[in-house]
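Each remark here refers to the structure printed beneath this line.
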Amino acid sequence: MNFNKYLDVAPEVAQAVAAGRPVVALESTIISHGMPYPQNVETALRVEAIIRENGAVPATIAIINGRLKAGCTKEEIEYLGKQGPKVNKASRRDLAVLVSKGADGATTVTTTMIIAHMAGIKIFATGGIGGVHRGAETTMDISADLEELAHTPVMVVCAGAKSILDLGLTLEYLETHGVPVIGYGTKELPAFYTRKSGFSVDYRLDTPEELAAAFRTSLALGFEGGMLVTNPIPEEFSMDPAVINRAIDAALAEAKEQGIHGKETTPFLLAKVKELTGGDSLDSNIQLVFNNARLAAQTACAMCEDK
Numbered sequence: 004m005n006f007n008k009y010l011d012v013a014p015e016v017a018q019a020v021a022a023g024r025p026v027v028a029l030e031s032t033i034i035s036h037g038m039p040y041p042q043n044v045e046t047a048l049r050v051e052a053i054i055r056e057n058g059a060v061p062a063t064i065a066i067i068n069g070r071l072k073a074g075c076t077k078e079e080i081e082y083l084g085k086q087g088p089k090v091n092k093a094s095r096r097d098l099a100v101l102v103s104k105g106a107d108g109a110t111t112v113t114t115t116m117i118i119a120h121m122a123g124i125k126i127f128a129t130g131g132i133g134g135v136h137r138g139a140e141t142t143m144d145i146s147a148d149l150e151e152l153a154h155t156p157v158m159v160v161c162a163g164a165k166s167i168l169d170l171g172l173t174l175e176y177l178e179t180h181g182v183p184v185i186g187y188g189t190k191e192l193p194a195f196y197t198r199k200s201g202f203s204v205d206y207r208l209d210t211p212e213e214l215a216a217a218f219r220t221s222l223a224l225g226f227e228g229g230m231l232v233t234n235p236i237p238e239e240f241s242m243d244p245a246v247i248n249r250a251i252d253a254a255l256a257e258a259k260e261q262g263i264h265g266k267e268t269t270p271f272l273l274a275k276v277k278e279l280t281g282g283d284s285l286d287s288n289i290q291l292v293f294n295n296a297r298l299a300a301q302t303a304c305a306m307c308e309d310k
């Protein structure tokens, strides 16, 4: 099936992909659902600027008026930011309906990977991936991000899985589905707001060149899945694990009490954690996204240099 008739690739992005120049995909859920306006737009544009400063072309991905966008204009990013949570949070299951209805969608890790792959983009920078939620043994609440990583050949650079999740089960799920989990400069899985989790990753790689070589080899071997690079939040922005874990426990208890579930869970928990930490968690979130954008751009450049 050819999805390209639904896909709009920004001219700059299309030219870069065709010429073999480095491109980095970015999600749009962080714009519409991750933080308030205008901070969301300012952050999104700063992330794009960081990618350019590090030698790559940014491609913010979204669904606007039923069109899959690989590369958004400043005006489109402004629109997504102003609309905020009124924009549908779009995972794989939502794509066909949103496109057929001509609706808008803010792309999650899953849908950003899908659209990036359609557009020929191999590297994607985000904050943290979804994963196995705490209590999933009874709720079966497992993010579609993990399944997408197993099937779509895009490298995802993140700060680990969000610490609101069950990190041990998330790693087990990725292992079962054959997704390599790389620690950038570390053998320990970073836990989004903090640098340490107590869980080990599969491999430690220390340079963008090593990351590029590993992913290039994966593609050359014909593996259909992606690769997860976990990049610890910079030390100066890392939160106290005791503080963040207390906030997460309180947020989880309130979510259970209110019956929050499904795709509403993560936005609710992140907003609650932000409230409980006096906004410190949002500041950390922004800084780790900047950090991941730098590494993704450097890795994309190294991928191109390896040719």
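Numbering (the working numbering), first residue to last: 4 to 310. The beta-carbon is built from N, C-alpha and C at its ideal position, and this holds for glycine as well.
Residue i versus residue j - alpha carbon distance
i: E79; j: V182; result: 33 angstroms
i: G105; j: D11; result: 14 angstroms
i: A47; j: A62; result: 11 angstroms
i: L273; j: I132; result: 13 angstroms
i: G229; j: D252; result: 31 angstroms
Buried versus exposed call for residue i [16 or more other C-beta atoms within 10 Å across all chains shown]
i: A258; result: buried
i: N312; result: Nothing can be reported for residue 312, as the shown portion of the chain is limited to 4 through 310.
i: H120; result: buried
i: H264; result: exposed
For residue i, three-class secondary structure by DSSP
i: Y187; result: strand
i: F218; result: helix
i: S166; result: coil
i: G108; result: strand
i: K77; result: helix
i: T114; result: helix
i: I132; result: strand
i: V276; result: helix
i: F127; result: strand
i: I289; result: helix
i: A13; result: coil
i: M306; result: helix
i: K92; result: strand
Proximity test, residue i beta-carbon vs the ligand NAD heavy atom, cut-off 6 angstroms
i: A223; result: As presented, the structure is devoid of all ligands, the ligand NAD included, so that no description of it is given.
*asked:* Ignoring anything shorter than 4 residues, give me the alpha helix (DSSP H) runs that lie fully in the stretch 206 to 258, in order along the chain.
replied: List check, alpha helix (DSSP H) in window: 211 to 223.
*alpha helix (DSSP H) runs contained entirely in the stretch 28 to 71, provided each spans 4 or more residues*: DSSP runs (the alpha helix (DSSP H)) wholly in the stretch 28 to 71: 32 to 35 and 42 to 56.
*Tell me, please, whether the stretch 173 to 192 touches the stretch 144 to 164 by the rule of three or more beta-carbon pairs shorter than 8 angstroms.*
Per the Cβ contact rule, the stretch 173 to 192 is in contact with the stretch 144 to 164 (3 or more Cβ pairs under 8 angstroms).
*Indicate whether the contact test is met: 3 or more Cβ pairs, each with one atom in the stretch 119 to 134 and one in the stretch 80 to 92, closer than 8 angstroms.*
No: the two stretches stay apart, fewer than three of their Cβ pairs being nearer than 8 angstroms.
*Indicate whether the contact test is met: 3 or more Cβ pairs, each with one atom in the stretch 39 to 59 and one in the stretch 107 to 117, closer than 8 angstroms.*
The stretch 39 to 59, when compared against the stretch 107 to 117, does not touch it at the 8 angstroms Cβ threshold.
*Counting Cβ pairs closer than 8 angstroms, one from the stretch 164 to 171 and one from the stretch 185 to 201, do we hit at least three?*
Of all C-beta pairs linking the stretch 164 to 171 to the stretch 185 to 201, three or more are shorter than 8 angstroms, placing the two stretches in contact.
_Would you call the stretch 293 to 302 in contact with the stretch 233 to 252, where contact means no fewer than 3 C-beta pairs closer than 8 angstroms?_
Yes, the stretch 293 to 302 touches the stretch 233 to 252.
*asked:* Quick test of the definition: if touching needs 3 or more C-beta pairs under 8 angstroms, does the stretch 83 to 96 touch the stretch 27 to 35?
replied: Contact holds between the stretch 83 to 96 and the stretch 27 to 35, because three or more Cβ pairs, one in each stretch, are under 8 angstroms apart.
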